[in-house]
Amino acid sequence: PAEHLRLPNLEDVREGIVATKIAAHAGDIAKLPKERARDDEMSKARQEIDWEKMFKLAIDGEKAKKMFNERRPDDLNSCSMCGKMCAMNTMNQILKGEDVSLA
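If you use my numbering, the sequence shown corresponds to residues 68 to 170, in order.
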């Protein structure tokens, strides 16, 4: 996007490459069923709240880890946005037969 406004710097080029990878990945999923495996792994990592695996599987894992570390959650079984209202954590508790209280 920067090339339409200015001469791109190194970070602009990097962001453009990441955007291209995301677009290509979306196309691959639509056309190639085997490409869905990575997304399924990411879904499982999210459900398990496995941060390191999410960073590893992310298209831009470095940026994901940086953003995570900028606003680390108090409880690593949720994100800093949802906190104790985390749908994944709540569902995991239900599946384990645990009592769920959001109070």
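Beta carbons: idealized from backbone N, C-alpha and C, even for Gly. Quick caveat, the model's predicted, so the values are computed rather than measured.
- Between the region 111 to 123 and the region 151 to 158 there are three or more C-beta pairs closer than 8 Å, enough to call the two in contact.
- K132 and E78 have their C-alpha atoms roughly 17 Å apart.
- Look at I96 here: in three-state DSSP terms it is helix.
- With contacts defined by Cβ atoms closer than 9 Å, V85 and D127 form a contacting pair.
- The three-state reading of DSSP puts E165 in coil, since its state is none of H, G, I, E or B.
- For E129, the enclosing alpha helix (DSSP H) has its first and last residue at 128 to 137.
- Within the same chain, and ignoring the five residues on either side of I161 in sequence, the residues whose Cβ sits closer than 7 Å to its Cβ are V167.
- Within its own chain, no residue has a Cβ closer than 6 Å to the Cβ of D117 once the five positions on either side in sequence are excluded.
- N159 sits in a helix when the DSSP states are folded into three classes.
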